[in-house]
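Taking the numbering used here, the leading residue of the sequence shown gets 391, the next gets one more, and so forth. Before any comments, here is the structure.
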Amino acid sequence: MEPEENSNASQIVGSNIDNLYSAIDRDNVHGLNLTIPEDAKETVKPWDERESTEKFAESNVDDQLVIHVPFAQNVRVKSVLLKLGRGAATPRRLRIYANRANIIDFSEAEDVQPSLDISLLEGETSVTEYPLRQAAFASTNSLSLFFISLRSHIICRSDFHVQSDAVGEERTRIYYIGFKGETRNVRREGSSKLEIPAANAADASLTDRLKESGAAQQPTAK
């Protein structure tokens, strides 16, 4: 069974604290099933443009799309921030796949278990935050975001039918994708080469200095 989490989503109160925009490898953000493939990176915007609706990514032949977001360094992702299309253009679910070398395609998504599967809020007009709170995102180098709307589809499998949970035009629109968390830089300087640095005279304890002084004063046998 796929993991599922009813996220305590909330609207953002205009804070740029812990925003991971600068850690995203924006030039290599790409997507699947987009009307204009290059629009995938248009969803990754600076914080002060998060509410803008001028640029967006929209699905092409149906209401599902995938956007792959690589990071320039390992990060700990605490939440995902989304501004979605309204009405019929709103996706209903989001499946997140962490640390994949390449974007997950639609056939793989049916067989690969996501790191997280969450329900998205409907009717929100502002950027909404979805906390992740899972160890799977503690050291992350990429995220594939699979948006699912399931509008006007009837999925036929053998002798049964599954009716979709929405109706409307078969398009999904994403205005903004952002993340909150922290970078996990590996420091390779300083004590990485010498884990236990030698103590200098100022750092040595009083007892050690007295021992060294006493040894220096002992006469040498002739």
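The beta carbon of each residue, even a glycine, is placed where N, CA and C say it ideally should be.
Item: Using only the alpha-carbon positions, how far apart do residue 440 and residue 571 sit?; Value: 17 Å
Item: Could you spell out the range, first to last residue, of the beta strand (DSSP E) harbouring residue 469?; Value: 455–474
Item: Whole angstroms are fine: how far does the CA of residue 425 sit from the CA of residue 529?; Value: 32 Å
Item: Going by CA-CA distance only, name the one from 560, 493, 525 that's closest to residue 538.; Value: 560
Item: For the alpha helix (DSSP H) that residue 496 lies in, which residues bound it at each end?; Value: 496–501
Item: Span of the beta strand (DSSP E) holding residue 487?; Value: 483–488
Item: Which of the three DSSP states is assigned to residue 518 in this structure?; Value: strand
Item: Which whole-angstrom value describes the C-beta separation of residue 563 and residue 421, a residue pair presumed to lie in contact below a C-beta threshold of 8 Å?; Value: 13 Å between Cβ atoms; not a contact.
Item: Looking only at its own chain, which residues have a Cβ that is under 8 Å from the Cβ of residue 391, when we skip the five neighbours before and after it?; Value: Confidence is the limiting factor: at residue 391 the pLDDT is only 42, short of 50, which leaves the residue's position unreliable, though a coordinate-based value still follows. Contacts found: none.
Item: When you compare each of 464, 521, 407, 534 to residue 498 by their alpha carbons, which one comes out closest?; Value: 534
Item: Between residue 451 and the rest of its own chain, which residues show a CB-CB distance below 7 Å, the 5 nearest in sequence each way excluded?; Value: 423
Item: On the three-state DSSP scale, how would you describe residue 513?; Value: coil
Item: Can you list, in chain order, the residues of its chain with a C-beta nearer than 8 Å to that of residue 432? Leave out the 5 residues immediately preceding and following it.; Value: 445, 446, 447
Item: Taking only heavy atoms of the ligand GTP into account, decide whether any of them is closer than 7 Å to the Cβ of residue 458.; Value: Of the ligands one can find in the structure shown there are none, so the ligand GTP has no counterpart to examine.
Item: Whose C-alpha, out of 464, 438, 408, is nearest the C-alpha of residue 574?; Value: 464
Item: Assess, as a yes-or-no matter, whether the stretch 503–514 is touched by the stretch 452–459 under the definition of 3 or more beta carbon pairs within less than 8 Å.; Value: no
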